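J.:
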Amino acid sequence: MSYYRSVGHVPAKRHTQHRTAEGGLHYEELMGEEGFSSDSSLLYHLGVPSAIVDATEWELPDQTTRENRPLLPRHLQLHRLTSTDWKAVDVVTGRRLVLGNGDVRISYVAAGEASPLYRNAIGDECVYVESGAATVETVFGVLHAVQGDYVLIPRATTHRWIPSGSEPLRAYVIEANSHIAPPKRYLSRYGQLLEHAPYCERDLHGPTEPFVVEGTDVEVLVKHRGSRGVVGTRYVYPTHPFDVVGWDGCLYPYTFNIADFEPITGRVHQPPPVHQVFEADNFVICNFVPRKVDYHPLAVPVPYYHSNVDSDEVMFYCGGNYEARKGSGIAQGSISLHPGGHSHGPQPGAIERSLGIDFFDELAVMVDTFRPLELGEGGIAAEDDAYAWTWSGRGPAS
Numbered sequence: 001m002s003y004y005r006s007v008g009h010v011p012a013k014r015h016t017q018h019r020t021a022e023g024g025l026h027y028e029e030l031m032g033e034e035g036f037s038s039d040s041s042l043l044y045h046l047g048v049p050s051a052i053v054d055a056t057e058w059e060l061p062d063q064t065t066r067e068n069r070p071l072l073p074r075h076l077q078l079h080r081l082t083s084t085d086w087k088a089v090d091v092v093t094g095r096r097l098v099l100g101n102g103d104v105r106i107s108y109v110a111a112g113e114a115s116p117l118y119r120n121a122i123g124d125e126c127v128y129v130e131s132g133a134a135t136v137e138t139v140f141g142v143l144h145a146v147q148g149d150y151v152l153i154p155r156a157t158t159h160r161w162i163p164s165g166s167e168p169l170r171a172y173v174i175e176a177n178s179h180i181a182p183p184k185r186y187l188s189r190y191g192q193l194l195e196h197a198p199y200c201e202r203d204l205h206g207p208t209e210p211f212v213v214e215g216t217d218v219e220v221l222v223k224h225r226g227s228r229g230v231v232g233t234r235y236v237y238p239t240h241p242f243d244v245v246g247w248d249g250c251l252y253p254y255t256f257n258i259a260d261f262e263p264i265t266g267r268v269h270q271p272p273p274v275h276q277v278f279e280a281d282n283f284v285i286c287n288f289v290p291r292k293v294d295y296h297p298l299a300v301p302v303p304y305y306h307s308n309v310d311s312d313e314v315m316f317y318c319g320g321n322y323e324a325r326k327g328s329g330i331a332q333g334s335i336s337l338h339p340g341g342h343s344h345g346p347q348p349g350a351i352e353r354s355l356g357i358d359f360f361d362e363l364a365v366m367v368d369t370f371r372p373l374e375l376g377e378g379g380i381a382a383e384d385d386a387y388a389w390t391w392s393g394r395g396p397a398s
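So the sequence shown is residues 1 to 398, counted in full-length UniProt numbering.
1) Which runs of the beta strand (DSSP E) at least 3 residues long sit entirely within the stretch 49 to 76? Give them in chain order.
2) Do you know offhand how far residue 304's Cα is from residue 394's?
3) Nearest to residue 126 by CA position, among 177, 141, 111, 87, is which residue?
4) Rounded to whole angstroms, what is the Cα-Cα separation between residue 247 and residue 388?
5) Which term fits residue 285, buried or exposed, when burial requires 16 or more other beta carbons within 10 angstroms of its beta carbon?
6) What is the rounded straight-line gap between the Cα of residue 37 and the Cα of residue 330?
7) When we look at the beta-carbon of residue 228 and count the other beta-carbons within 10 Å, is it buried (16 or more) or exposed?
8) Please classify residue 68 as buried or exposed, where buried requires at least 16 other C-beta atoms within 10 Å of its C-beta.
9) Please report the residue range of the beta strand (DSSP E) in which residue 320 lies.
10) Just to confirm, is the Cβ distance from residue 367 to residue 104 under 8 angstroms?
11) Between the alpha carbons of residue 321 and residue 59, how many angstroms are there, rounded?
12) Taking 8 angstroms as the cut-off, does the stretch 6 to 24 touch the stretch 258 to 275 (at least 3 CB pairs, one atom from each stretch)?
13) Considering only C-alpha positions, which residue in the set 280, 92, 111, 79 is nearest to residue 166?
14) Tell me the rounded alpha-carbon separation between residue 374 and residue 309.
15) Less than 8 angstroms between the C-beta atoms of residue 76 and residue 383, yes or no?
16) Could you tell me which of 298, 282, 363 sits nearest to residue 269, measuring between CA atoms?
17) Rounded to whole angstroms, what is the Cα-Cα separation between residue 279 and residue 24?
18) Exposed or buried, which one is residue 174 when buried takes at least 16 other CB atoms within 10 Å?
19) Return helix, strand or coil for residue 254, following the three-state DSSP convention.
20) What did DSSP end up calling residue 335 once you bin it into helix, strand or coil?
21) Quick one: is residue 273 buried, meaning 16 or more other Cβ sit within 10 Å of its Cβ, or exposed?
22) Provide the residue span of the alpha helix (DSSP H) that contains residue 380, from first to last.
23) What whole-angstrom Cβ distance do residue 312 and residue 339 have, given they're in contact under 8 angstroms?
24) Residue 3 by DSSP, collapsed to three states: which one?
25) Closest by CA to residue 170, which one among 128, 22, 216?
26) What three-state label does DSSP hand residue 86 in the structure shown?
27) Whose C-alpha, out of 316, 196, 263, is nearest the C-alpha of residue 106?
28) Can you tell me which of the three DSSP states residue 128 falls into?
29) Decide if residue 88 is buried, meaning its Cβ has at least 16 other Cβ atoms within 10 Å, or exposed.
30) When you compare each of 39, 12, 50 to residue 242 by their alpha carbons, which one comes out closest?
31) Taking Cβ to Cβ, would you say residue 404 is nearer than 8 angstroms to residue 143?
32) Enumerate in chain order the residues of its own chain whose CB-to-CB distance from residue 146 is below 7 angstroms, with the five nearest sequence positions on each side excluded.
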């Protein structure tokens, strides 16, 4: 994220003395990607950021997965995962793992309680707010997240989620094992979003002022790498991690609302890469927004059938009516998983119904992975077993 920001009080030159009004030193911390070779920010703390007074194991929610075997397209109804006690669920510890592989984990949660302080030390997180609203307190400052926001949180950013309102905060959580950023083809060689990009820096909203909190013996949950996969540690800090009086740089959390994505359209059907919003190692994130569709006189607006030779396609349906999936049972809060090795496309009758349509009122977030996805416990619990047979109308016993 190479868009420079400066928030709060920082010294005139980096790596130089920065003192409090009483004459004490602030503690400078560099948060940087890829060692010292990519984007970074410098944060100025009141306390020593590495000081801890306790560390114990944190037992994570179930992270186990099983293979998509037999190889099937699948429909997962995520709203089934909403707890009747959602007001006591938080965005961090209440996540249900839906799909995952060695590059990405996709979870879902409907929450009403403030989360613990949390840090993902494995990779960046991209959280899509399906509905509801929240305040996201971070070491960089405060973000305000509303329906339709992507919340991008860089690796190792200490933060917490505080839902607001009377309805559950429904969050679709994409956790990378890498960094998540705008696609390189949208960027100049110096990192500016180019004219052909479907969004620009004005659409990205980062913290605007420091958020300093006092406290002692403060717990932070940390998700990190272990020899057998993802593990957790519970740290206790002698002072509150939110003690940053100023920071500057090109690495920080921000929000981007899906309504600010400007769709790219054409005379004939455009391929999924025109809908891309972010990229990471071995997966991409796209969004399908309300838009004018193909205007060739013989155009077929819905997608053509296609075989995912190199990727698994995950579509999260979060608004409107998705023309290609009518008759399949897919609705708001559904996921479709179309795995590599299986040809997929519109449901029966969808092509004829789409002819002559010039506008699609649909909203969906897509993740395409380049390694096969496995089913997590949340995905297994939310599955609609009838979906794979909806193109033929015949089940395996027919």
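A virtual CB, placed ideally from N, CA and C, is assigned to each residue, including glycine. Keep in mind that this is a model prediction, so the values were computed, not measured.
T.: In terms of the structure at hand:
1) 54 to 57
2) 22 angstroms
3) 177
4) 51 angstroms
5) buried
6) 44 angstroms
7) exposed
8) buried
9) 312 to 320
10) yes
11) 39 angstroms
12) no
13) 111
14) 17 angstroms
15) yes
16) 298
17) 42 angstroms
18) buried
19) strand
20) strand
21) exposed
22) 377 to 381
23) 5 angstroms
24) coil
25) 128
26) helix
27) 316
28) strand
29) exposed
30) 50
31) A query on residue 404 cannot be resolved here, the shown segment of the chain reaching from 1 to 398 and no further.
32) 129, 133
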